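Taken in order, these protein sequences are the chains called A and B.
Just add 9 to the spot in the first sequence (first one is 1) and you have this note's numbering.
Just add 160 to the spot in the second sequence (first one is 1) and you have this note's numbering.
Virtual Cβ for every residue (Gly too), placed ideally from N, Cα, C.
As the structure is a computational prediction, the values presented were derived from the model and not from experiment.
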Amino acid sequence: MTAQPLFILLCSGEHEKIQMAAMMASVGAVSDRAVHVFVSMNALFAFDREASPEQRYRGGEFSRLLVEKGAPDAMQLFEQGKMLGDLRMYVCSMALDITGWSEDRLVHGLFDEALGLTKFLSEAEGGQFVTL
Amino acid sequence: MPQRTKIDARGAFCPGPLMELIAGLKLIEVGDEIEVWSSDKGSAKDIPEWVAKVGHEMVGVEHCEGYDSIVIRKAK
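Structure representation (structure tokens):
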């Protein structure tokens with residue numbers, strides 16, 4: 010039986026939620042499951058290719074521990090998911106319009122295309138949907 | 161006689177050991193094995209679950225001092 014595709018709507022700019030999205034996306038994608046991630050709202054800023062590691066993540070106590078203990082970086086986990094599994098990533102076209110960013114502003118090699126929410130929701134019908 | 165490759169992922173946090181295993185599997189031949197050393201407490205259950213799901217073979221899990229040794233055979 011083929012697993013249901015997993016659709017992750019990532020809106021939060023909190024490090025902890027971005028980390029969990031990256032863990033779910035990478036592990037799901039390497040487990041014979043298609044995973045689709047849609048990045049919007051404050052989450053967009055974490056994918057700024059010009060941001061330093063210190064600027065990229067904003068979070069609480071657990072964020073501090075993730076950095077201190079050397080947990081895998083979320084951007085690297087997304088990258089591994091794409092390299093080793095079936096992971097597709099989309100950036101919200103509205104978020105690009107609001108910020109005035111182009112796709113070139115985002116971490117290179119992660120995003121497949123800019124997409125509208127309507128299209129993403131349409132693709133997500135029949136899959137498992139998670140919002141972070 | 162299968163070749164066995166060792167991956168020392170001690171000190172790596174979830175899902176690091178699993179991702180290292182998957183990357184390693186791409187480099188070996190069908191029938192060969194990988195032994196992962198992981199200090200991540202979830203690996204001893206997570207890795208066998210992944211192996212069963214994607215169709216490789218578990219050879220065994222050994223609990224050692226401060227880490228688990230998990231051996232997988234590439235089946236496809």
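Got a sec: is the Cβ-Cβ distance from residue i to anything in chain A below 8 Å?
i: Ala183 of chain B; result: yes
At what residues does the alpha helix (DSSP H) containing residue i begin and finish?
i: Thr11 of chain A; result: Looking at the DSSP string, Thr11 of chain A is not in any alpha helix (DSSP H), and its letter there is neither H nor E.
Starting from the beta carbon of residue i, find every residue of chain B whose beta carbon is closer than 9 Å, and list them in chain order.
i: Pro81 of chain A; result: Ala172, Phe173, Cys174, Pro175, Gly176, Met179
Would you say residue i reaches chain B, if we count a Cβ-Cβ gap shorter than 8 Å as a contact?
i: Asp41 of chain A; result: yes
i: Gln28 of chain A; result: no
i: Lys78 of chain A; result: yes
i: Gln64 of chain A; result: no
i: Ser35 of chain A; result: yes
For residue i, which residues in chain A fall below 7 Å Cβ to Cβ?
i: Lys213 of chain B; result: Ser40, Asp41
i: Trp210 of chain B; result: Ser40
Report the neighbours of residue i on chain E: residues whose CB is nearer than 7 Å to its CB, in chain order.
i: Val139 of chain A; result: Chain labels in this structure do not include chain E; the protein chains are A and B.
In terms of residue numbering, what span does the beta strand (DSSP E) encompassing residue i cover?
i: Arg164 of chain B; result: 164-168
i: Ser198 of chain B; result: 193-198
i: Phe54 of chain A; result: Phe54 of chain A -> no beta strand (DSSP E), and no H or E assigned at all.
i: Gly220 of chain B; result: 217-224
i: Ala123 of chain A; result: 122-124
Quick check: the Cα distance between residue i and residue j, rounded to an integer number of angstroms?
i: Ile167 of chain B; j: Val231 of chain B; result: 10 Å
i: Pro175 of chain B; j: Leu187 of chain B; result: 19 Å
i: Ile182 of chain B; j: Val39 of chain A; result: 8 Å
Three or more C-beta pairs under 8 Å: does that hold for the region 108-125 of chain A against the region 204-214 of chain B?
Between the region 108-125 of chain A and the region 204-214 of chain B there are fewer than three inter-stretch CB-CB distances shorter than 8 Å, so the stretches are not counted as touching.
Does the region 213-227 of chain B come close enough to the region 125-138 of chain A that 3 or more CB-CB pairs lie under 8 Å?
With a cut-off of 8 Å, the region 213-227 of chain B and the region 125-138 of chain A do not count as touching, because too few Cβ pairs lie within range.
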